[in-house]
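Asker:
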Amino acid sequence: MIRWLLIVLAMSSAPTAAGDPSVSAGGWHSLALHADGTLRSWGDDSAGALGIGRPLVSSSPLAVAGLAGVIAVSAGGNHTVALKGDGTVWTWGNNDNGRLGDGSTTRRLLPGQVIGLTGVTAIDAGGGHSLAVKSDGTLWAWGTNGNGQLGDGTNTDRSLPVQVSGLTGIVAASGGSYFSLALMSDGTVWSFGWNGLGQLGDGTRADRSLPGQVS
């Protein structure tokens with residue numbers, strides 16, 4: 007998903023302070039992070055992306071159920087990723103191809119914790135995949151991988167987080183529809199996934215399942 011400036015700011019190397027408000031727009035739903043660390047969502051919940059426990063369409067903001075202490079949020083195509091102040095990652099919504107990171111492909115109408123991820127400082131949701139930056143500078147990804155957007159050298163979907171190969175010192179990441187970008191602490195940008203329209207910025211139109219530096 008194309009991210010607005012507020013979402014890029016939410017992806018900085020250090021998490022926003024607890025209570026810093028922010029917003030995120032997904033494919034068919036929207037979210038607002040309140041100063042008290044709670045979330046409200048609105049739009050299409052047919053896949054559970056609103057996190058309210060029942061599928062519906064809401065034109066008014068509703069409270070995301072059972073989640074507090076949130077410091078960052080990102081809306082994907084029809085799933086949502088949230089980062090809590092304790093460094094854990096929580097997801098809900100459509101789970102095709104494992105984009106919720108819970109080891110299954112079953113949609114979830116309420117938030118659940120991503121398995122095996124701690125010490126996370128930044129998150130982002132792509133169209134059908136998700137990304138997380140850890141405090142040690144490593145980048146982790148899960149979900150749809152048909153074009154190599156998870157950066158693990160394969161085209162195999164992952165329902166659990168896998169480490170993006172060969173990248174360290176990562177401070178921010180962003181997921182597109184079928185590709186991903188990562189920013190290193192040295193200011194260089196790396197990309198992987200679908201490249202049919204040149205979106206990897208490497209001078210080619212060839213997909214890449216491993217990270218390469220933007221020219």
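Just so you know, we're using our numbering here: the sequence shown kicks off at 7 and counts up by one. The beta-carbon is built from N, C-alpha and C at its ideal position, and this holds for glycine as well. It should be emphasised that the depicted structure is a prediction, and the values quoted were computed from it without experimental measurement.
#1: Could you tell me the distance, in whole angstroms, from the CA atom of histidine 35 to the CA atom of threonine 160?
#2: Is glycine 104 helix, strand or coil when you go by DSSP?
#3: Run through the DSSP bridge pairs and tell me what valine 220 is partnered with.
#4: Considering Cα atoms alone, identify which of Ser186, Leu45, Leu156, Asp142 is closest to glycine 72.
#5: Would the stretch 119-126 count as touching the stretch 169-186 if we require 3 or more Cβ pairs under 8 Å?
#6: Tell me whether the beta-carbon of serine 110 lies closer than 9 Å to the beta-carbon of valine 79.
#7: Can you round the beta-carbon distance between phenylalanine 185 and glutamine 155 to whole angstroms, since I take them to be within the 8 Å contact cut?
#8: Considering Cα atoms alone, identify which of Leu106, Arg113, Leu187, Arg114 is closest to leucine 145.
#9: Roughly how many angstroms lie between the CA atoms of serine 191 and glycine 143, to the nearest whole one?
#10: Is it true that the CB of glycine 49 sits closer than 9 Å to the CB of valine 63?
#11: Distance, Cα to Cα, isoleucine 58 vs aspartate 163?
#12: Quick one: what's glutamine 119 bridged to in DSSP?
#13: Taking the alpha carbon of threonine 94 as the reference point, which residue from Pro117, Gly209, Asn100, Gly82 has its own alpha carbon closest?
#14: Which whole-angstrom value describes the C-beta separation of valine 87 and serine 136, a residue pair presumed to lie in contact below a C-beta threshold of 8 Å?
#15: Please name the residue, chosen from Gly157, Ile176, Thr194, Val177, that lies closest to tryptophan 200 on a Cα-to-Cα basis.
#16: In angstroms, rounded to a whole number, what distance separates the CA positions of proline 67 and glycine 209?
#17: Considering only the alpha carbon of each residue, which of Arg60, Gly82, Gly75, Pro61 lies closest to leucine 37?
#18: So the candidates are Arg60, Trp96, Asp130, Gly75; which of them puts its Cα closest to the Cα of alanine 41?
Answerer: Considering the structure as presented:
#1: Cα to Cα, histidine 35 sits roughly 30 Å from threonine 160.
#2: helix
#3: Paired residue(s): none; valine 220 is not in a bridge.
#4: Leu45
#5: no
#6: Not in contact: serine 110 and valine 79 (Cβ atoms no closer than 9 Å).
#7: For phenylalanine 185 against glutamine 155, the beta-carbon gap comes to about 5 Å, under 8 Å, which counts as contact.
#8: Leu187
#9: 9 Å
#10: yes
#11: 27 Å
#12: Trp96
#13: Pro117
#14: Valine 87 to serine 136, Cβ: 5 Å. Contact.
#15: Gly157
#16: 43 Å
#17: Gly82
#18: When only C-alpha atoms are compared, the closest one is Gly75.
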